[in-house]
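Please read the structure below before turning to the comments.
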Amino acid sequence: MQQVEALGNGTCSTIISVQEIVRSDAENIPERYIRNPDDRAKSSEISLVPDDRLPVIDFSLLAQGDEEERRKLDVACKEWSFFQIINHGAEEALPKVKAAAAQFFDLPLSEKKKYAMPPDYFEGYGQDDKAEDRKRDWIDLLWLLTMPPHSRNTKYWPLTLPGFGEAVEEYATEMQRVTYEILGNLSLLMGVERDVLKQLHGEVKQGTRMNYYPACARPDLVFALSPHCDYTSISFVLQDDDITALQIKHKGMWVPVKPIPNAISVLVGDVMEKQQLSRCKTVVNLSWSNGKYKSLEHRAVANMEKPRNSVISFVIPSDEAELNPLKTMVDDDHPPIYKNGVTYIEYLLYTQNKETDEDKYVNIDYLKIQN
1 MQQVEALGNG TCSTIISVQE IVRSDAENIP ERYIRNPDDR AKSSEISLVP DDRLPVIDFS
61 LLAQGDEEER RKLDVACKEW SFFQIINHGA EEALPKVKAA AAQFFDLPLS EKKKYAMPPD
121 YFEGYGQDDK AEDRKRDWID LLWLLTMPPH SRNTKYWPLT LPGFGEAVEE YATEMQRVTY
181 EILGNLSLLM GVERDVLKQL HGEVKQGTRM NYYPACARPD LVFALSPHCD YTSISFVLQD
241 DDITALQIKH KGMWVPVKPI PNAISVLVGD VMEKQQLSRC KTVVNLSWSN GKYKSLEHRA
301 VANMEKPRNS VISFVIPSDE AELNPLKTMV DDDHPPIYKN GVTYIEYLLY TQNKETDEDK
361 YVNIDYLKIQ N
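Residue numbers (UniProt numbering): 1 to 371.
Encoded structure:
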């Protein structure tokens, strides 16, 4: 396994690059990535839902105030916690940000390690899970804070790459516009003014993560991205058009999401809960909607044919955002599920201070009112 001493934020950390592992030996999968048999993807758990059953929202109609399209959004969030948006107006930005991601991962490792993720920080080039005692995903990534502009730490931005900064800026701006429109429609569906969910976020932050998934000789042994839920409020996933890798949990089964060209997948963001089966609960949609919208668990599988890229934009509440249920979501039949006064940073600190995976997943009780 190739390890590289890398500089990031002025400190030294060890990067294990899956891309370099494959370059040096494409046939053998290091033990660190091989899942236990019980944890691997199983064909018996796959539900081949017809493509036309997966929710698709025409964003242009939503932005025009079309009531039928807003109703479709409500159904998608209630029944799937997932939808793809078309006609979103960001079509010109998509190939640019995809090219920027590909350009970065094509760099020699000696160049990529200049933007390495420090041991105690989340931005930069590296891997999500730095813990030594857990299985790793078949992925390399570059994580950047992209909105608001004053939050950007450009030491992690490979700005020497021609057009990189411009492509990320354009895409981040487009995703911010799309975010505000979706939050506005969700606010209306919750019975409040359009700007309420945006205001509840405080200063709306956005993180952009560029993922590189190398081809894998034994994709049945690994995960490109482990089953998980996002700690954020909404996630936008931009996939390669020709590879189906994203899978979402629906009614206990895993549903492959075939990409629609120029579409963007939208996932309801979550805080994680794990009991006997892994289940997700959202910060925004379970705290603020008091349980009206259920959330999503998702994963990505590896493939043998060729590497692929994805770009994910995360919508993040401010640290001080309070996770109180909206008054319009509470009545005699729907009493409050979650406590008042818990802030987003308190919740994050609670979950991230857990030492084990099991403790980390069983964390939604921190928000719940104890009977």
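Built from N, CA and C at the ideal position, the CB exists for glycine as well.
Only counting runs of 3 or more residues, tell me where the beta strand (DSSP E) segments fall wholly within the segment 87-161, in order along the chain. Entirely contained in the segment 87-161, the beta strand (DSSP E) runs reaching 3 residues are, in chain order, 124-126, 140-147.
Just checking, does the segment 143-161 make contact with the segment 206-217 on the three C-beta pairs under 8 Å criterion? Yes: the two stretches touch, three or more of their Cβ pairs being nearer than 8 Å.
So Q206 is in the beta strand (DSSP E); what residue range does that whole segment cover? Your numbering for residue 206 matches position 206 in the sequence shown. Unbroken beta strand (DSSP E) run through Q206: 205-213.
How about D319 and F223: are their beta carbons less than 7 Å apart? Residue 319 sits at position 319 when you count from the first residue of the sequence shown. Residue 223 sits at position 223 when you count from the first residue of the sequence shown. Result no, Cβ atoms of D319 and F223 do not sit closer than 7 Å.
Decide if the segment 292-309 is in contact with the segment 235-254; the criterion is three or more beta carbon pairs, one per stretch, under 8 Å apart. yes
Host beta strand (DSSP E) of N185 (start-end): Translated into the one-based positions of the sequence shown, residue 185 becomes position 185. Run containing N185: none in the beta strand (DSSP E); it sits in the alpha helix (DSSP H), 164-189.
Chain-order list of residues whose beta-carbon lies under 7 Å from that of L183 (same chain, five-residue window excluded): Residue mapping note: residue 183 aligns to position 183 of the sequence shown, counting from 1. Cβ neighbours of L183 beyond the five flanking positions: L197, K198.
Using 10 angstroms around the beta-carbon of E174, count the other beta-carbons present and answer buried if the total reaches 16, otherwise exposed. Within the sequence shown, numbered from 1, the residue matching residue 174 stands at position 174. With 16 or more other Cβ atoms within 10 Å, it is buried.
Inspect the CB distances between the segment 83-102 and the segment 58-70 and report whether three or more fall short of 8 Å. Contact holds: three or more Cβ-Cβ distances are below 8 Å.
Hey, would you say H201 sits closer than 7 Å to A321, going by beta carbons? Taking the sequence shown and counting its residues from 1, one reaches residue 201 at position 201. Taking the sequence shown and counting its residues from 1, one reaches residue 321 at position 321. In contact: H201 and A321 (Cβ atoms closer than 7 Å).
For P256, which of helix, strand or coil comes out of DSSP? Locating residue 256 in the sequence shown gives position 256, where the first residue counts as 1. The answer is strand: DSSP assigns P256 an E or B state.
Using 8 Å for Cβ pairs, my map puts L296 next to V268. What's the rounded Cβ distance? Against the sequence shown, residue 296 aligns to sequence position 296. Against the sequence shown, residue 268 aligns to sequence position 268. Right, their Cβ atoms sit about 5 Å apart.
With distance defined between alpha-carbon atoms, name the residue in Y231, M253, R299 nearest to I345. Indexing the sequence shown from 1 puts residue 345 at position 345. Nearest of Y231, M253, R299 to I345, Cα basis: Y231.
List the endpoints of the continuous alpha helix (DSSP H) containing F223. For the purposes of this step, residue 223 is taken as residue 223 along the sequence shown, with counting starting at 1. In this chain, F223 is not harboured by any alpha helix (DSSP H), its DSSP state being neither H nor E.
Assuming the contact rule is C-beta atoms closer than 8 Å, R70 and N185 should be a hit. Round their C-beta distance to whole Å, please. Locating residue 70 in the sequence shown gives position 70, where the first residue counts as 1. Locating residue 185 in the sequence shown gives position 185, where the first residue counts as 1. Between N185 and R70 the Cβ distance is about 5 Å, and since that is below 8 Å, they are a contact.
Measuring alpha carbon to alpha carbon, tell me which residue in S43, E79, P259, L94 is nearest L221. As a position in the sequence shown, residue 221 is number 221, starting the count at 1. It is S43 whose Cα lies nearest to the Cα of L221.
Tell me the DSSP bridge mates of A300? The count along the sequence shown starts at 1 and reaches residue 300 at position 300. BP columns for A300 point to L225, L246.
Check for me: the beta strand (DSSP E) holding V196 runs from which residue to which? For the purposes of this step, residue 196 is identified with residue 196 of the sequence shown, where counting begins at 1. Where V196 is concerned, there is no enclosing beta strand (DSSP E), although the alpha helix (DSSP H) around it starts and stops at 196-201.
Buried or exposed for V266, please, with buried defined as at least 16 other CB atoms from any protein chain shown within 10 angstroms of its CB. Locating residue 266 in the sequence shown gives position 266, where the first residue counts as 1. Flag for V266 reads buried.
My parser needs the alpha helix (DSSP H) runs of 4 or more residues fully inside the segment 8-75; what are they? 18-24, 59-63
When the Cα of Y115 is compared with those of L73, L161, A90, which residue comes out closest? Walking along the sequence shown from the start, residue 115 turns up at place 115. Of L73, L161, A90, the residue nearest in Cα terms is L161.
Taking only the alpha-carbon atoms, compute the straight-line gap between G89 and P219 and give it to the nearest angstrom. Stepping through the sequence shown from its first residue, residue 89 is reached at position 89. Stepping through the sequence shown from its first residue, residue 219 is reached at position 219. CA-CA distance, G89 to P219, rounds to 35 Å.
Nearest to S313 by alpha carbon, out of M253, K155, R177, D39? The residue given as residue 313 occupies position 313 in the sequence shown. The shortest C-alpha separation from S313 is found at R177.
Select from S17, W254, L323 the residue whose C-alpha is nearest the C-alpha of F105. What you label residue 105 is simply residue 105 of the sequence shown in a count that begins at 1. Answer by Cα proximity: S17.
Secondary structure at L323, three-state DSSP: helix, strand or coil? The residue labelled residue 323 in the question sits at position 323 within the sequence shown. In this structure, L323 counts as coil in the three-state DSSP scheme.
What is the rounded straight-line gap between the Cα of L54 and the Cα of P227? Within the sequence shown, residue 54 is the residue found at index 54, counting from 1. Within the sequence shown, residue 227 is the residue found at index 227, counting from 1. Distance between the alpha carbons of L54 and P227 is about 19 Å.
Thinking just about the alpha-carbon of each residue, which of C229, A263, L348, V168 is nearest to the one in A100? On the sequence shown, position 100 is the one that residue 100 refers to. Taking only the C-alpha atoms, the option nearest A100 is V168.
Paired residues, beta bridge with T343 - DSSP: The residue you call residue 343 lines up with position 343 of the sequence shown. Per DSSP, E322.
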